[in-house]
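Here's the structure we're looking at; comments come further down.
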Amino acid sequence: MHTNGAYMDSKNLPPLIPVILSGGAGTRLWPLSRETAPKPLMLLPDGETLLGKTGQRAAALQGVGEIITVTNRDHYFHTKDVYASLGARMPLGCTFLLEPFGRNTAPAIALAALLVESRHGPQATLLVMPADHLIRDGVAFAAAAARAAELATEGRLVTFGIAPMHAETGFGYIECGHEIGADAYTATRFVEKPALAQARTMVAAGNFLWNSGMFAFSAGTVLSAFERHAPLILAAMRTVWQGLRAKSVEPMLEIDPASFAAAPDISFDYAVMERAAAAAEVAVVRATFDWSDVGSWQAMSALSDSDGEGNSGSGERVAIATRGTFVYAGDRVVATVGVNDLVIVDTPDAL
Numbered sequence: 032m033h034t035n036g037a038y039m040d041s042k043n044l045p046p047l048i049p050v051i052l053s054g055g056a057g058t059r060l061w062p063l064s065r066e067t068a069p070k071p072l073m074l075l076p077d078g079e080t081l082l083g084k085t086g087q088r089a090a091a092l093q094g095v096g097e098i099i100t101v102t103n104r105d106h107y108f109h110t111k112d113v114y115a116s117l118g119a120r121m122p123l124g125c126t127f128l129l130e131p132f133g134r135n136t137a138p139a140i141a142l143a144a145l146l147v148e149s150r151h152g153p154q155a156t157l158l159v160m161p162a163d164h165l166i167r168d169g170v171a172f173a174a175a176a177a178r179a180a181e182l183a184t185e186g187r188l189v190t191f192g193i194a195p196m197h198a199e200t201g202f203g204y205i206e207c208g209h210e211i212g213a214d215a216y217t218a219t220r221f222v223e224k225p226a227l228a229q230a231r232t233m234v235a236a237g238n239f240l241w242n243s244g245m246f247a248f249s250a251g252t253v254l255s256a257f258e259r260h261a262p263l264i265l266a267a268m269r270t271v272w273q274g275l276r277a278k279s280v281e282p283m284l285e286i287d288p289a290s291f292a293a294a295p296d297i298s299f300d301y302a303v304m305e306r307a308a309a310a311a312e313v314a315v316v317r318a319t320f321d322w323s324d325v326g327s328w329q330a331m332s333a334l335s336d337s338d339g340e341g342n343s344g345s346g347e348r349v350a351i352a353t354r355g356t357f358v359y360a361g362d363r364v365v366a367t368v369g370v371n372d373l374v375i376v377d378t379p380d381a382l
C-alpha cells in the first residue's frame with residue numbers, strides 16, 4: 032500500500048502537521064542537560080542536536096502542511112537557530128507555541144490541536160513527536176507515520192509502540208489487543224513504568240510494546256477525546272486560544288502565563304490515552320524503526336564509537352590506562368589516567 036515508507040499518495044488526504052514537543056528540561060543527563068539547556072538542544076557526539084534531527088525527520092515526510100514546535104519561551108531563539116542551521120533540510124514553515132513554564136504534555140497537545148483545527152480544519156492530522164528521541168531509520172519512521180496517519184483518518188487515537196528488546200523498567204508499556212490491519216492493533220491498556228518482575232512478564236507475553244510517547248490523530252478526534260476524558264484541560268486551553276486568536280496567523284505565539292496556569296499539570300497519557308484505551312478508542316502501530324530516548328549516559332555512550340578498551344565520547348580526549356569510560360569533552364582537552372567505568376562530562380560551568 033505504501034512505497035518507501037511515504038505518506039499515502041491520495042490527494043484527498045488531509046494535511047499532516049507534525050507537532051514537536053520540546054518543552055521539557057530533562058535532567059537525567061545533568062550537567063549536559065538541565066533547565067537552562069534542555070536535552071533537545073544539547074550537542075550529540077556527531078555535532079547535531081536531537082531537536083535538529085527531529086525537525087529533519089518531520090520535514091522529510093510527505094503531505095506535511097507545516098511544522099508546529101511547542102517550547103519554552105526562554106528557548107525560542109536557540110530553537111529557531113537550530114532550525115535555521117538546517118537550511119534546505121528544513122524547508123517548511125514553522126510555527127512556535129511558546130510556553131511561559133512547563134505544564135506537561137496534555138495542555139500542549141490540546142493547544143496545538145486548537146491551532147491546527149483553526150488553520151487546517153478538524154480533519155487535519157497531528158503527528159506528535161517528542162523532540163528528544165533519536166530515530167536513525169527515516170524510511171521505517173515514514174512508513175510507521177503513514178500507517179498511523181491512515182488510522183487517524185478513521186477517527187482513531189493512534190500511538191506508536193516499540194518492540195521491547197529487554198525487560199525495561201524505565202519505559203511505559205502498551206498492551207496490544209486484536210490486529211487491525213498491517214502493523215496495527217487495538218490498544219487495550221497502558222502500563223506505567225513497571226517493576227522488573229512485571230516487565231519480564233510482559234515481555235515474555237509477547238503482546239506488549241514500549242510506549243514511545245508519539246501519537247497521531249485528527250484535530251477533531253483528539254479535541255473530542257479531551258472533551259470526554261479531560262474537559263478541564265480543554266476548557267483551559269480554549270481560554271488560552273481565545274487570547275491567541277487575534278494573532279493566530281503569526282509564526283510565533285506567546286502563551287499568556289495567567290491563562291496557562293489554569294491548566295492541570297498532567298501528561299497526555301494520563302489525561303487522555305489511558306482512559307481512551309479503556310473505552311476502546313486507541314490503536315497502536317508496531318514500529319520497526321530503531322528508537323532511543325537518549326535518557327541515560329549509557330545511551331549517550333552508544334552514539335559514539337568506542338576504542339579497543341571500551342572508551343567512548345566526544346570532543347578532544349586522551350585515554351591512558353583507561354577502560355569503559357565515557358568522556359564528553361567541551362572546549363578543553365580531557366585526559367584520563369588509570370581509571371575505569373566512569374562518566375566524565377565537561378561543560379563551561381560544571382565538570
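Numbering (my numbering), first residue to last: 32 to 382. For each residue, glycine too, the CB sits at the ideal point set by N, CA and C. The structure displayed is predicted, hence computed values, not measured ones.
- In this structure, the straight-line span from the alpha carbon of Ser343 to that of His197 is close to 23 Å.
- For a cut-off of 8 Å, the C-beta gap from Ile205 to Leu240 is around 5 Å, short enough to register as a contact.
- Across the structure, Leu284 and Ala90 are spaced so that their CA atoms are roughly 21 Å apart.
- Following the DSSP letters along the chain, one finds Pro49 inside the beta strand (DSSP E) bounded by residues Leu47 to Ser53.
- Residue Val316 holds the alpha-carbon nearest to the alpha-carbon of Ala194 among Val316, Ala177 and Val364.
- Bridge partners of Thr190 according to DSSP: Phe246 and Val315.
- Per DSSP, the continuous beta strand (DSSP E) segment holding Ser345 begins and ends at Ser343 to Ser345.
- According to the DSSP assignment, Gly83 belongs to no beta strand (DSSP E) but to the alpha helix (DSSP H) extending over Leu81 to Ala90.
- Taking C-alpha positions only, Val50 is separated from Val159 by approximately 5 Å.
- For Met283, there is no enclosing alpha helix (DSSP H); the enclosing beta strand (DSSP E) covers residues Met283 to Glu285.
- Ranked by how close their Cα comes to the Cα of Ser332, the residues Met304, Thr252 and Ile375 have Ile375 in first place.
- A distance below 7 Å between beta-carbons, with the five flanking residues on each side excluded, links Tyr114 to the following residues of its chain, in chain order: Gly86, Met121 and Cys125.
- With a threshold of 16 other beta carbon atoms within 10 Å, Lys224 falls short and is exposed.
- Rounded to the nearest angstrom, the Cβ distance from Ala302 to Ala366 is 49 Å, too far for a contact under 8 Å.
- Excluding five sequence positions before and after Leu128, the CB atoms of its chain that fall closer than 8 Å to its own CB belong to Ile99, Thr100, Val101, Thr102, Ala139, Leu142, Ala143, Leu146, Leu284 and Ile286, given in chain order.
- An exposed status is given to Leu263, since fewer than 16 other beta-carbon atoms sit within 10 Å of its beta-carbon.
- The bridge partners DSSP lists for Ala350 are Thr367.
- Beyond the five residues adjoining it in sequence on each side, Thr232 comes within less than 6 Å, by CB distance, of no other residue in the same chain.
- A Cβ-Cβ distance of about 23 Å is found for the pair Ala180 and Leu265, leaving them out of contact under the 8 Å criterion.
- Between the alpha carbons of Val271 and Phe291 lies a gap of roughly 6 Å.
- DSSP, reduced to helix, strand and coil, places Val280 outside both helices and strands of the structure shown, so it counts as coil.
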